[in-house]
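The next block holds one structure in the form of structure tokens; read it before the comments.
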Amino acid sequence: MNTEQNASLGVFDTPARAQQRTRTRFMILALISGGTMINYLDRSVMGIAAPSISADLGLNAAMMGVIFSAFSWTYAAAQIPGGILIDRLGTKLTYWLALTLWSLFTGLQGLAQGFMSLLGMRFLVGMTEAPCFPTNSRVVATWFPQSERARATGIYTFAEYTGLAFLTPLLFWVLHAYGWRFLLLAVGLVGILYGLVWWRKYHEPHESTTANQAELDYIAAGGGVVDGGQKATSFRWSQIPALLKHRNMLGICLGQFACNSTNVFFLTWFPTYLVTERHMPWLKVGWVAVLPFIAASLGTLVGGWLSDALLRRGYSLNVARKLPVIAGLLTASVIVLANYVEADALVITILCIAYFAQGMSALAWMIVSDIAPKGLLGLSGGLFNLFANAAGIVTPLTIGIIVSLTGSFVWALAFVSSITVLGALCYLFMVSDLRRLPEIPSEENGAKQ
11 MNTEQNASLG VFDTPARAQQ RTRTRFMILA LISGGTMINY LDRSVMGIAA PSISADLGLN
71 AAMMGVIFSA FSWTYAAAQI PGGILIDRLG TKLTYWLALT LWSLFTGLQG LAQGFMSLLG
131 MRFLVGMTEA PCFPTNSRVV ATWFPQSERA RATGIYTFAE YTGLAFLTPL LFWVLHAYGW
191 RFLLLAVGLV GILYGLVWWR KYHEPHESTT ANQAELDYIA AGGGVVDGGQ KATSFRWSQI
251 PALLKHRNML GICLGQFACN STNVFFLTWF PTYLVTERHM PWLKVGWVAV LPFIAASLGT
311 LVGGWLSDAL LRRGYSLNVA RKLPVIAGLL TASVIVLANY VEADALVITI LCIAYFAQGM
371 SALAWMIVSD IAPKGLLGLS GGLFNLFANA AGIVTPLTIG IIVSLTGSFV WALAFVSSIT
431 VLGALCYLFM VSDLRRLPEI PSEENGAKQ
């Protein structure tokens, strides 16, 4: 183990040195955790409001499947432009614009008068949310040493689930008391206000007035990009196949498609599943729906802790990062067992196990931070999230069609289960040793070589 690795793992950190180091990176982590919570709240509130919207606007299951899926059409399509925007405009401005606009369009969904107007707003929410997770990945690669990235990723991922877990009963109460239109308007307003907090508090490491040199040195020793050196390589379309020609990048992209399939089910069809397939009353659903989200939030923490613990104990980066993801994907496939039990308690237990495991596998974002070329952190994150949200297009549409044709969720759960197994196979047989990919030179630099 060399000096740099020892420093990144904190081997040489005496108590005195640890006390001298500031902890600004954790304030930054709190900022992106809050933004991630709002991001998931805004994209998933439609699932809570769906039965009321469907009844009020006269939308059937197939039409609601289109509405759910529409978010991911533009969300996926905007990943590459969003990644380029991050690399060009920087983290602070890009994230503030995205957060403010997606919150605005979330609120405007509450003014929809029919299928087309709701569809249009849903398109805009998806498009403007696109930079969120590539930005998170960029922030982690910038502000955290390698030995802390899994926990950092686990914490902001934890926020997306816990926000939904603890706010879901409140959201159902607001829906019941004031209706779906007020619910959407209120959720949108919260995000706009949080955008002001982000603008005031976020800074890059080299611009920070609160991080001291000891903290910056600690981050840099662990591979964090603290000096503003992550300047963008000039974008050209050939960079996309250049990234995907690396098996590691392609493998984690396909794996993330599988991981997100389970997540999308819970964010869209899960409340409807409890009401129509399990015949639970709405007020009970509001409380029962909390449990899988709590389980998923715990899964993210366990996965992050396990990954960093393995790394500290001397296991390779390859083992430490891949093991929680593969275990999570394989375990999430148990969701299909809900088809074979009758008791509500057993159904919820199975779904909690599946979502806990999905929470573990969601930590694949930390792998992007580990392997993305320094000049293409935003583009790499956007490409990764493009594959993830192809699942956001395919999964809700497929489930909507299955439910419309069969009147049941049986084959829908089987579909989700099979996709997770395929994702685990991608990690097992495509993703090899993890290391940062080489720089992809700009066209001008390439011509000089």
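Under this note's numbering, residues 11 to 459 are what the sequence shown spells out, in order. Note that the Cβ used here is the ideal one computed from N, Cα and C, for glycine as well.
Checklist entry - Do N5 and I42 have their C-beta atoms within less than 8 Å of each other? => result A question about residue 5 goes unanswered here, because the residues of the chain that appear run from 11 up to 459.
Next on the checklist: For the structure I just gave you, are there three or more beta carbon pairs, one from the region 328-339 and one from the region 173-181, closer than 8 Å?
Outcome noted: Proximity of the region 328-339 to the region 173-181 falls short of the contact definition, fewer than three beta-carbon pairs being nearer than 8 Å.
Checklist entry - Of all the options R35, F36, M56 and R31, which has the alpha carbon lying nearest to the alpha carbon of P281? => result Position 271 of the sequence shown holds residue 281. When only C-alpha atoms are compared, the closest one is M56.
Checklist entry - In or out: T163 buried (at least 16 other Cβ within 10 Å) or exposed? => result As a first step, residue 163 must be located in the sequence shown, where it is residue number 153. Label assigned to T163: buried.
Checklist entry - Do V357 and R288 have their CB atoms nearer than 8 Å? => result Counted from its first residue, the sequence shown places residue 357 at position 347. Counted from its first residue, the sequence shown places residue 288 at position 278. For the pair V357 and R288, the CB atoms are nearer than the 8 Å cut-off.
Item to check | With 16 other Cβ atoms within 10 Å as the buried cut-off, status of N273 | outcome: To locate residue 273, count along the sequence shown from 1; it is residue 263. N273 is buried by the Cβ-count criterion.
Item to check | Pair within 8 Å by beta-carbon distance, L4 and T167 | outcome: Absent from the model: residue 4. The displayed extent of the chain is 11 to 459, so no value can be given.
Checklist entry - Among V413, V285, D443 and F276, which has the Cα closest to the Cα of L301? => result Taking the first residue of the sequence shown as position 1, residue 301 is located at position 291. Distance check between L301 and each of V413, V285, D443 and F276 places F276 closest, using alpha-carbon atoms only.
Next on the checklist: Let's see if you can read the secondary structure: which residues bound the alpha helix (DSSP H) around Q223?
Outcome noted: Locating residue 223 in the sequence shown gives position 213, where the first residue counts as 1. Start and end: Q223 to A231.
Item to check | Proximal residues to A80 (C-beta, below 8 Å), its chain only, five neighbours per side dropped | outcome: If you number the sequence shown from 1, residue 80 lands on position 70. L129, R132, F133 and G136, listed in sequence order.
Checklist entry - Thinking just about the alpha-carbon of each residue, which of T116, I165, L206 and V149 is nearest to the one in D318? => result Counting from one through the sequence shown, the residue named residue 318 turns up at place 308. For the set T116, I165, L206 and V149, the Cα lying nearest the Cα of D318 is the one of I165.
Item to check | Extent of the continuous alpha helix (DSSP H) run through Q89 | outcome: Position 79 of the sequence shown, counted from the start, is the residue given in the question as residue 89. It spans Q89 to L99 - the alpha helix (DSSP H) in which Q89 sits, taken as one unbroken run.
Checklist entry - With A398 and N270 assumed to form a contact (beta carbons below 8 Å), what rounded beta-carbon distance in angstroms separates them? => result Here residue 398 is taken as the residue at index 388 of the sequence shown, counted from 1. Here residue 270 is taken as the residue at index 260 of the sequence shown, counted from 1. Right, their Cβ atoms sit about 4 Å apart.
Next on the checklist: With three or more beta-carbon pairs closer than 8 Å as the criterion, would you say the region 82-99 touches the region 305-323?
Outcome noted: No, the region 82-99 does not touch the region 305-323.
Checklist entry - How many angstroms separate the CA atom of F303 from the CA atom of T172? => result Position 293 of the sequence shown holds residue 303. Position 162 of the sequence shown holds residue 172. When rounded, the separation of the alpha-carbon atoms in F303 and T172 is 6 Å.
Checklist entry - For W153, which residues from the same chain have a beta carbon less than 7 Å from its beta carbon, with the 5 sequence-adjacent residues on both sides left out? => result Taking the sequence shown and counting its residues from 1, one reaches residue 153 at position 143. For W153, where only same-chain residues beyond five positions count, the Cβ hits under 7 Å are R35, I38, P215, I229 and G234.
Next on the checklist: Here's the rule: buried if 16 or more other CB atoms are within 10 angstroms of the residue's CB, otherwise exposed. What is A457?
Outcome noted: Numbered from its first residue, the sequence shown carries residue 457 at position 447. The predicted position of A457 is uncertain, since its pLDDT is 40 and thus under 50; a value taken from the coordinates is nonetheless stated next. So A457 counts as exposed.
Checklist entry - Roughly how far, in whole angstroms, is the beta-carbon of T408 from the beta-carbon of F425, given that I think they are within contact range, below 8 Å? => result The count along the sequence shown starts at 1 and reaches residue 408 at position 398. The count along the sequence shown starts at 1 and reaches residue 425 at position 415. T408 to F425, Cβ: 6 Å. Contact.
Next on the checklist: Taking a contact to mean a Cβ-Cβ separation below 8 Å, would you say A40 touches M376 in this structure?
Outcome noted: Sequence index remark: in the sequence shown, residue 40 carries index 30 (1-based). Sequence index remark: in the sequence shown, residue 376 carries index 366 (1-based). No.
Checklist entry - Are there 16 or more other CB atoms within 10 angstroms of the CB of D52, so buried, or fewer, so exposed? => result Against the sequence shown, residue 52 aligns to sequence position 42. By the 10 Å Cβ count, D52 comes out buried.
Next on the checklist: Can you give me the C-alpha to C-alpha distance between W112 and L438, rounded to a whole angstrom?
Outcome noted: Position 102 of the sequence shown, counting from 1, holds the residue named residue 112. Position 428 of the sequence shown, counting from 1, holds the residue named residue 438. W112 and L438: Cα-Cα distance of roughly 36 Å.
Checklist entry - Quick one: Cα of L226 to Cα of T219, how far? => result As a working note, residue 226 is residue 216 in the sequence shown. As a working note, residue 219 is residue 209 in the sequence shown. Looking at the two C-alpha atoms, the distance is approximately 12 Å.
Item to check | Which listed residue (L194, T359, T286 and A305) has its alpha carbon closest to that of V420 | outcome: Reading the sequence shown from its first residue, position 410 is the one you call residue 420. Selected option, being the one with the closest Cα: T286.
Checklist entry - For N70, which of helix, strand or coil comes out of DSSP? => result By one-based count along the sequence shown, residue 70 stands at place 60. N70: coil per DSSP, three-state reduction.
Item to check | CA nearest to the CA of A187, picked from L114, Y105, A59 and A434 | outcome: For the purposes of this step, residue 187 is taken as residue 177 along the sequence shown, with counting starting at 1. Checked all of L114, Y105, A59 and A434; the closest Cα to A187 is A59.
Item to check | Whole-number beta carbon distance between V312 and L320, since they are thought to touch under 8 Å | outcome: By one-based count along the sequence shown, residue 320 stands at place 310. By one-based count along the sequence shown, residue 312 stands at place 302. V312 and L320 do not touch by the CB rule: their CB atoms are close to 12 Å apart, not below 8 Å.
Item to check | Buried versus exposed call for V346 [16 or more other C-beta atoms within 10 Å across all chains shown] | outcome: Residue numbering aside, residue 346 sits at position 336 when the sequence shown is read from its first letter. Per the 10 Å Cβ criterion, buried.
Item to check | Euclidean distance between Cα positions of S427 and W208 | outcome: Taking the sequence shown and counting its residues from 1, the one referred to as residue 427 is at position 417. Taking the sequence shown and counting its residues from 1, the one referred to as residue 208 is at position 198. Those two C-alpha atoms are separated by around 38 Å.
Checklist entry - Which of helix, strand or coil does DSSP assign to F394? => result Counted from its first residue, the sequence shown places residue 394 at position 384. Per DSSP, reduced to three states, the secondary structure at F394 is helical.
Next on the checklist: Going by C-alpha to C-alpha distance, which of S127, A140, A169 and S414 sits closest to A88?
Outcome noted: Working through the sequence shown from its first residue, we reach residue 88 at position 78. The residue from S127, A140, A169 and S414 with its alpha-carbon nearest to that of A88 is A140.
Checklist entry - Cα separation between T138 and A65? => result Position 128 of the sequence shown holds residue 138. Position 55 of the sequence shown holds residue 65. So the two alpha carbons sit approximately 28 Å from each other.
Item to check | Exposure of G124, with buried meaning 16 or more beta-carbon neighbours within 10 Å | outcome: Numbered from 1 along the sequence shown, position 114 holds the residue referred to as residue 124. Exposed: under 16 other Cβ atoms inside 10 Å.
Item to check | Assumed close pair E170, M47 - CB separation to whole angstroms, cut-off 8 Å | outcome: Here residue 170 refers to the residue found at position 160 when the sequence shown is read from its first residue. Here residue 47 refers to the residue found at position 37 when the sequence shown is read from its first residue. At roughly 6 Å, the Cβ-Cβ gap stays under 8 Å, so E170 and M47 are in contact.
Item to check | Rounded straight-line distance, which links the Cα of N49 to that of L444 | outcome: As a working note, residue 444 is residue 434 in the sequence shown. As a working note, residue 49 is residue 39 in the sequence shown. CA-CA distance, L444 to N49, rounds to 29 Å.
Next on the checklist: Taking the alpha carbon of V149 as the reference point, which residue from Y204, H213, L194 and S127 has its own alpha carbon closest?
Outcome noted: Here the question's residue 149 lines up with position 139 in the sequence shown. For V149, the nearest C-alpha among the options comes from H213.
Item to check | Whole-angstrom distance between L432 and G265, CA atom to CA atom | outcome: As a position in the sequence shown, residue 265 is number 255, starting the count at 1. As a position in the sequence shown, residue 432 is number 422, starting the count at 1. Looking at the two C-alpha atoms, the distance is approximately 8 Å.
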